[in-house]
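The next block holds one structure in the form of structure tokens; read it before the comments.
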Amino acid sequence: MAQGESTPIQSPQDAACRTEARNRVFSTPDPKGLGLYAIGRQIYFACMKRAQPGTRGRERARAS
523 MAQGESTPIQ
533 SPQDAACRTE
543 ARNRVFSTPD
553 PKGLGLYAIG
563 RQIYFACMKR
573 AQPGTRGRER
583 ARAS
């Protein structure tokens with residue numbers, strides 16, 4: 523069992539991103555030879571970043 527699979531699912535976004543990583547890990551190119559685990563982590567964290575609500579616009583508005 524992979525390390526990520528042993529941790530409990532924290533949210534619906536977490537579950538969706540785990541599924542996305544699991545579905546895409548074998549079809550994603552690996553030109554750097556990172557390995558399946560590293561590719562899966564990249565897919566998962568990119569998905570989680572997309573799933574988070576954007577706060578940059580509000581931070582910039584306050585800073586101006």
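Residues are numbered in this note's numbering as their position in the sequence shown, beginning at 1, plus a constant of 522.
Beta carbons are placed, not taken as given, at the ideal position from N, Cα and C, and that holds for glycine.
Beta carbon of residue i nearer than 8 Å to that of residue j
i      : j      : result
Ala573 : Gln532 : no
Of the listed residues the options, nearest to residue i (C-alpha basis)
i      : options                        : result
Asp552 : Gly576, Ile565, Cys569, Ala538 : Ile565
Phe548 : Arg540, Gly562, Gly555         : Gly562
Thr541 : Gly555, Phe567, Lys554         : Phe567
Collapsed DSSP secondary structure at residue i in the structure displayed
i      : result
Asp552 : coil
Pro534 : helix
Met523 : Residue placement at Met523 cannot be trusted, given a pLDDT of 48 that sits under 50; what the coordinates show is reported in the next sentence. Coil, per DSSP.
Gly589 : As shown, the chain starts at 523 and ends at 586. That puts residue 589 outside it, with no answer to give.
Thr529 : coil
Alpha-carbon spacing of residue i relative to residue j, whole angstroms
i      : j      : result
Thr529 : Gly557 : 21 Å
Ala560 : Pro575 : 25 Å
Met570 : Asn545 : 15 Å
Gly555 : Ala543 : 17 Å
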